[in-house]
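For reference, each letter of the sequence shown is one residue, going 48 to 206 in the numbering used here.
Glycine is no exception: its CB is placed at the ideal position from the N, C-alpha and C atoms.
Here the structure is a predicted model, which is why all the values come from computation and not from measurement.
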Amino acid sequence: MVLPKPLPPPPPPSSASEASENEDSSGPLGVFGFQDEHVSPEKVSGWFQVTPKCCQPFMVLHGGVSALIAEDLGSRGAYLASGRRRAAGIQLSISRLKNAQVGGIGLAEATRLAEPTPVNAGKTTVQVWKVQFWKIDSSNSQNRSPIASSRVTLPCSMS
């Protein structure tokens, strides 16, 4: 078996505020080497390498891994956008557009779709995040093709 090339380091943060929000991924995303690129109340993104750890038996990216990434990025963004209030996904949809093979590099980017909507007399807000997935060309990181699209709905309650 040929092992995939190591994941390239993410580019440096583009601003001081971005650097202060940027944290290394731990927990479930850390299991397969997901690396944060940008973490802010408006956008959360990062890189991952498609390895056998995150694939179906057919050696393509597992849809459950895509869902895990989508909910994690959306939850972290919602947490920051709500002033660090607890966020938990209540609805997740994901569409696979194209397979990502073992050895490929993926980029995932979550963006908030609209301003948080208050419910329950201001104690809880609901946020909707769109999460896009791309396969990155290893010879030119500017070349990318879509592999999945997701939408995550999260209520954010007072701690």
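Original post:
Beta-carbon separation of Ala195 and Arg159 under 7 Å?
Top reply: Their beta carbons are not under 7 Å apart, which means Ala195 does not touch Arg159 by this criterion.
Original post:
So the alpha helix (DSSP H) Ile116 belongs to, where does it begin and stop?
Top reply: Taken as a continuous stretch (DSSP letters only), the alpha helix (DSSP H) holding Ile116 covers 110 to 128.
**OP:** Find out if the Cβ-Cβ distance for the pair Trp176, Pro193 is shorter than 7 Å.
**Re:** No, the pair does not count as a contact, with Cβ atoms beyond the cut-off.
Subject >> Nearest-angstrom beta carbon gap, Val199 and Leu139 [assumed within contact, 8 Å] >> reply: Beta-carbon to beta-carbon, Leu139 and Val199 are separated by about 5 Å, close enough to satisfy the 8 Å threshold.
Original post:
For Ile152 versus Gln96, is the C-beta spacing smaller than 7 Å?
Top reply: It is a contact, given that the beta carbons lie within the stated cut-off.
Original post:
Terminal residues of the continuous beta strand (DSSP E) containing Pro88?
Top reply: Boundaries for Pro88: no beta strand (DSSP E) harbours it, and the DSSP string shows neither H nor E there.
**OP:** Give the DSSP-derived three-state secondary structure of Lys145 in the structure shown.
**Re:** Here Lys145 sits in coil by DSSP.
**OP:** Return the bridge partner residues of Ile183 from the DSSP annotation.
**Re:** BP columns for Ile183 point to Ile152, Arg191.
Original post:
Rounded to a whole number of angstroms, what is the C-alpha to C-alpha distance between Lys170 and Met106?
Top reply: Rounded to the nearest angstrom, the two C-alpha atoms are 45 Å apart.
Original post:
Considering only C-alpha positions, which residue in the set Ala161, Glu162, Leu154, Lys100 is nearest to Arg191?
Top reply: Comparing Cα-Cα distances from Arg191 to each of Ala161, Glu162, Leu154, Lys100, the minimum goes to Leu154.
Original post:
So, using beta-carbon positions, are Glu162 and Ser92 closer together than 7 Å?
Top reply: For Glu162 and Ser92, no; Cβs fall outside 7 Å.
Subject >> Nonlocal neighbours in the same chain, by C-beta distance under 7 Å from Pro88, ignoring five residues either side >> reply: The beta carbon of Pro88 lies closer than 7 Å to those of Gly124, Leu127, Ala128 in the same chain, with the five residues before and after it left out.
Subject >> Nearest-angstrom Cα separation, counted from Trp94 out to Gly74 >> reply: If you take the alpha carbons of Gly74 and Trp94, they lie about 15 Å apart.
Original post:
Can you tell me whether Asp184 is buried or exposed, with buried defined as 16 or more other CB within 10 angstroms of its CB?
Top reply: By the neighbour-count rule (16 or more Cβ atoms within 10 Å), Asp184 is not buried but exposed.
Original post:
Run through DSSP, which three-state label would Val78 get?
Top reply: Looking at Val78 - three-state DSSP - the assignment turns out to be helix.
Original post:
Are Phe81 and Cys101 touching if we call contact CB-CB under 7 Å?
Top reply: Taking 7 Å as the Cβ cut-off, Phe81 and Cys101 do not qualify as a contacting pair.
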